[in-house]
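Here is the structure we will look at, set down as structure tokens.
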Amino acid sequence: MTAAPRNVDLRVPDLGLSGQVLRAGMWLAERGDRVVKDDRLLEIVAEDVTVDLDAPASGVLAHVCVEPDDDLVVGQLLAVIRVDE
Numbered sequence: 851m852t853a854a855p856r857n858v859d860l861r862v863p864d865l866g867l868s869g870q871v872l873r874a875g876m877w878l879a880e881r882g883d884r885v886v887k888d889d890r891l892l893e894i895v896a897e898d899v900t901v902d903l904d905a906p907a908s909g910v911l912a913h914v915c916v917e918p919d920d921d922l923v924v925g926q927l928l929a930v931i932r933v934d935e
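Note that the numbering used here has the sequence shown beginning at 851, numbered continuously upward.
In structure tokens:
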């Protein structure tokens, strides 16, 4: 019997940049791509810094919830990774 796949959310972390507008930058993987834990997935751009967000788990990038240049807030869902266990 195989285990059902589970989903792992990628959310906007608290980057300690209060007062700065956060925007989605470039996606470094596309929906349907297989990703490995700690692969760079998305750039988050603030006024004076760009931060790379890494994959929280290995699996398939199942859903992308934001587009480049979208405004972001802490805790917002960015993507879902389907993990096969």
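Glycine included, C-beta positions come from ideal geometry on N, C-alpha and C.
Three-state class that DSSP yields for L867 in the structure shown:
coil
Give me the Cα-Cα distance between G925 and P855, rounded to the nearest whole angstrom.
23 Å
Buried/exposed call for L872, threshold 16 Cβ in 10 Å
Buried: at least 16 other Cβ atoms inside 10 Å.
Span of the beta strand (DSSP E) holding V910?
Judged by DSSP secondary structure, V910 falls within the beta strand (DSSP E) whose first and last residues are G909 to V914.
Return helix, strand or coil for D889, following the three-state DSSP convention.
coil
With distances taken from CA atoms, which of A905, R932, D883 and D934 is nearest P863?
A905
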